[in-house]
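Peer 1: Before we start, here is the structure in question, set down as structure tokens.
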Amino acid sequence: MAFQWSRCASYLAAAVTAVSLAACGSSSVESQLSPSRVIAFGDGQSDIGQSGSRFTINGLTDVRANWTEEVASAYGRTITPQISGGTSYAWGNTRIVAKPDAAGDASTPTLSDQIDSFLSADAFGGNDLVLVSSGTSDIIVLAQQALNGEITQAEAIAQMRPISAELTGQVKRLRDSGAKYIVVIGAYNMGKSVWARSVEQVAFLEQMSIAFNEGFKISMEEITYQPNVLYVDFEQYINVVEYQPEYYALDNFSSPVCNSIAAGPGIGIGNGKVDSALCTTSTLVSTNYDRYGFADEVYLTPALHRQFGNWAASTIRDRW
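Residues -22 to -1, 1 to 298, numbered by mature numbering (1 follows the signal peptide of the UniProt record, and there is no 0), are exactly what the sequence shown covers, in order.
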């Protein structure tokens, strides 16, 4: 295939591979890419404060709390929010092109809006590394519609394919605008989330996530982007961590470490739910927060972000 996408044939093989990568810490391959800048677009998986807070534990100044920061650090670079003069445009709850966002806010810039904002004031350099996360908010919105009886679960799953094509369209924009090194992580398997278990919809949310990611990979294959685009398998990584969390020094993958309750819609899964955008070191259920996988019912802790970012950086180095 011109653009190689693959799902592991064996779940155990995937676990062994990811655990091996985690143990190694980084690739032994000498990277040819030395990014001038690391630029990020996306949703709450990549928001490092552009929306006003992070979708994880906030206020940890002595650690890299997001996977994009870990990737940047691997190349000796830093990344900060665009509102602070940096290059991270990622905004929590944002969708790919649709509005309102996962929490019902129509003012949140979509992924498309973020790219518009960058291109209106800047241009990609030949060695810029571009990181993209997307899918989580769109899955939340459609899943909530199904759970509320507005559409059927089958209809929600079917809509994932055209929504994933929207992501492909935005990646195409990046490439056509001069980005040479684009990394896309898609959505993790939200059937592994605390939310999926709390609403007893593990299979449904897993099917939603798979439909989105597979749709994106198929459409990317059809366009053939191999020289410029790398898919880093967020879905596979979280599957493996959930399967054997002890290899990642995690004791709790079933409940959130934050207890910061949003009175309103928060992260989009309903009123009165834990919202990691409100979470600080003062709103934790345990001081051992690095032993938890989830900050709230959907978004990850800094500890898991760092480990995924380390693995992502290793994967990027292997490619470029």
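Positions of the beta carbon are idealized from the N, C-alpha and C atoms, including for glycine.
With DSSP as the reference, identify every bridge partner of residue 59, one or two as the case may be.
Peer 2: Looking at the DSSP assignment, residue 59 forms a beta bridge with 66.
Peer 1: Grouping DSSP H, G and I as helix and E and B as strand, with all else coil, what is residue 288?
Peer 2: Helix at residue 288.
Peer 1: Does the beta carbon of residue 293 fall short of 7 Å from some heavy atom of the ligand MN?
Peer 2: In terms of ligand content, the structure shown is empty, and the ligand MN therefore cannot be addressed.
Peer 1: Kindly indicate which residue of 147, 136, 178, 195 has the alpha-carbon position closest to the one of residue 165.
Peer 2: Per the Cα distances, 195.
Peer 1: Let me check one thing: in DSSP terms, what residues is residue 32 bridge-paired to?
Peer 2: Partner(s): 26.
Peer 1: Leaving aside the five residues before and after residue 182 along the sequence, list all residues of the same chain whose C-beta is less than 6 Å from its C-beta, in chain order.
Peer 2: Around residue 182: 131.
Peer 1: Roughly how many whole angstroms lie between the Cα atoms of residue 298 and residue 242?
Peer 2: So the two alpha carbons sit approximately 43 Å from each other.
Peer 1: Quick one: what's got a C-beta closer than 6 Å to residue 44's C-beta in the same chain, skipping five residues either side?
Peer 2: Same-chain partners within the cutoff: 26, 283.
Peer 1: Using CA coordinates, which residue listed in 22, 38, 293 is at the minimum distance from residue 159?
Peer 2: Answer by Cα proximity: 293.
Peer 1: Since residue 159 is in the alpha helix (DSSP H), which residue starts that stretch and which ends it?
Peer 2: First-last for residue 159: 159 to 162, but that is the beta strand (DSSP E), not the alpha helix (DSSP H).
Peer 1: Extract the residue ranges of the beta strand (DSSP E) inside the region 98 to 165, only unbroken runs of 3 or more that lie entirely within it.
Peer 2: For the region 98 to 165, whole beta strand (DSSP E) runs of length 3 or above, ordered along the chain, are 107 to 110, 159 to 162.
Peer 1: DSSP three-state call for residue 7: helix, strand or coil?
Peer 2: Summary for residue 7: the model assigns pLDDT 48, below 50, so the residue's position carries little reliability; its value from the coordinates is reported in the next sentence. Coil.
Peer 1: In terms of residue numbering, what span does the alpha helix (DSSP H) encompassing residue 216 cover?
Peer 2: Note, residue 216: alpha helix (DSSP H), 212 to 221.
Peer 1: Helix, strand or coil: how does DSSP classify residue 245 here?
Peer 2: Three-state result, residue 245: coil.
Peer 1: Going straight from the alpha carbon of residue 205 to that of residue 37, what length do you get?
Peer 2: Each residue's alpha carbon lies about 38 Å from the other.
Peer 1: Rounded to whole angstroms, what's the CA-CA distance from residue 63 to residue 178? Just pull it up for me.
Peer 2: Looking at the two C-alpha atoms, the distance is approximately 42 Å.
Peer 1: CB-CB under 7 Å to residue 51, same chain, minus the five flanking residues each way: which ones, in chain order?
Peer 2: The answer, listed in chain order, is 42.
Peer 1: When the Cα of residue 143 is compared with those of 198, 32, 265, which residue comes out closest?
Peer 2: Ranking 198, 32, 265 by Cα distance to residue 143 puts 198 first.
Peer 1: With DSSP as the reference, label residue 190 as helix, strand or coil.
Peer 2: If DSSP states are grouped into helix, strand and coil, residue 190 belongs with the helices.
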